[in-house]
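What follows is the structure, given as structure tokens:
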């Protein structure tokens, strides 16, 4: 127990994304096999997810994944409301009765945490926080605030001491706020998807961003690194917005061929489908009869994990064979052709 207390002290407050793939895969080898109930929780990844606050439907979705523990750790790391920290992970492993996982992974966990701390040493002030340093304190606080991109981060009381973590979102909403119908729809969208029924977290420009920041740079950072998907609210007014056009093209360039389902078109008014989205299936809110069905569809795609990296369904030996094989390029090309063949190419005029 003392050893576990020691490692929790070392890892206290370190975000889950500090753990590298080697230790994640090692944990998965212990937690992926179906376990049994010990105490209040099952001693596999399902019990770990339950300790982390995941609900029944979320855990059922994990069970459909080929590598559920890896998917859980990734998903948990994006949910800041569920304390995704390494010391919390260790505490949860204790709760489900898996000290063996802690013992087997202890060395790699400590190595990854120490590496993370070394990489972030430059972000800490040299001056002691307990000693006044005049105007330099103001400068330091300004540097912290300059890295804060959202309203919620800026209003978080922890940001004053520099301990706030980045916020991550299920979806970025691309729309034209000058179109009243679109603005009203986005407000309804937020009420439904962020409500207790679905519990999602959306980034909505003009609601969540900060005035005075570099507009396009902030947009690019949020879409690329902090959001799983982008919802594009399509209507005649959308086509008149240069900002929305930029956001759409940037999001789509992160999702070539629509294979990762990064961009989700949502029709709020009848208009021509932008050419770069013609290969992507859409959600149609212009048909009143489909409206009730569309909310759970939209929530499902936002909760669904992104298309996994190739290494999640091919091991290193299989990848090496493709790279060394004379027809390796053909195998990759055939895989891409299959994904295109399975894509819905419906048009919507």
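Residue numbers (the UniProt record's numbering): 1 to 349. Glycine is no exception: its CB is placed at the ideal position from the N, C-alpha and C atoms.
Query, Result
"So what's residue 14 in DSSP terms, helix, strand or just coil?", "coil"
"Apart from the five residues just before and just after residue 290, which ones in its own chain have a Cβ nearer than 8 Å to its Cβ?", "284"
"Taking DSSP as the reference, what is the three-state secondary structure of residue 223?", "helix"
"Is the distance from the Cβ of residue 233 to the Cβ of residue 168 below 8 Å?", "no"
"Would residue 35 and residue 53 be called neighbours here (beta carbons separated by less than 8 Å)?", "no"
"Can you give the Cα-Cα distance for residue 237 and residue 56, rounded to whole angstroms?", "40 Å"
"Considering only residues of the UniProt domain \"Death\" (44–109), which uninterrupted alpha helix (DSSP H) runs meet the minimum length of 4 residues and lie entirely inside it, listed in chain order?", "45–51, 56–63, 68–77 and 86–95"
"For a test of the three-state rule: what should DSSP assign to residue 214, helix, strand or coil?", "coil"
"State the CB to CB distance for the pair residue 235 and residue 179, rounded to an integer number of angstroms; the pair is presumed to be in contact (CB under 8 Å).", "6 Å"
"Looking at the unbroken beta strand (DSSP E) that takes in residue 265, where does it start and where does it end?", "263–267"
"What's the gap between the Cα of residue 293 and the Cα of residue 201?", "20 Å"
"Count the other CB atoms within 10 Å of the CB of residue 171; is the residue buried (16 or more) or exposed (fewer)?", "buried"
"Our contact map puts residue 11 next to residue 102 with C-beta atoms below 8 Å; I'd like the distance itself, whole angstroms only.", "That belief does not hold up - the Cβ atoms of residue 11 and residue 102 are roughly 11 Å apart, past 8 Å."
"In terms of residues, what are the limits of the beta strand (DSSP E) holding residue 170?", "169–174"
"For residue 305, which residues from the same chain have a beta carbon less than 6 Å from its beta carbon, with the 5 sequence-adjacent residues on both sides left out?", "71"
"If you draw a straight line from the alpha carbon of residue 299 to that of residue 75, how long is it in whole angstroms?", "15 Å"
"To the nearest angstrom, how far is the alpha carbon of residue 106 from that of residue 58?", "28 Å"
"In chain order, what residues of the same chain lie with their CB nearer than 7 Å to the CB of residue 82, ignoring the 5 residues before and after it?", "52, 53 and 76"
"Whose CA, out of 274, 250 and 251, lies closest to the CA of residue 240?", "274"
"Helix, strand or coil: how does DSSP classify residue 204 here?", "coil"
"Name the DSSP beta bridge partners of residue 286, please?", "For residue 286, which the question treats as bridged, DSSP gives no partner whatsoever."
"Alpha carbon to alpha carbon, how far is residue 226 from residue 98?", "32 Å"
"So, helix, strand or coil for residue 232, using DSSP?", "strand"
"Would you give the residue range spanned by the alpha helix (DSSP H) that residue 196 belongs to?", "Premise fails: residue 196 is in no alpha helix (DSSP H) and is neither H nor E."
"Can the beta-carbon of residue 19 be found less than 8 Å from the beta-carbon of residue 109?", "yes"
"Determine whether the beta carbon atoms of residue 262 and residue 230 lie at a separation below 8 Å.", "yes"
"Using the Cβ count rule (16 or more neighbours within 10 Å means buried), how would you classify residue 69?", "buried"
"At the level of alpha carbons, what is the spacing between residue 210 and residue 150?", "6 Å"
"CB-CB under 7 Å to residue 338, same chain, minus the five flanking residues each way: which ones, in chain order?", "Because the pLDDT at residue 338 is just 45, under 50, the model does not fix this residue reliably, and the value given afterwards should be weighed accordingly. Counting only Cβ-Cβ distances below 7 Å, and skipping sequence neighbours, we find nothing."
"So what's residue 30 in DSSP terms, helix, strand or just coil?", "helix"
"By how many angstroms is the C-alpha of residue 301 removed from the C-alpha of residue 222?", "19 Å"
"Looking at residue 61: is its Cβ nearer than 8 Å to the Cβ of residue 228?", "no"
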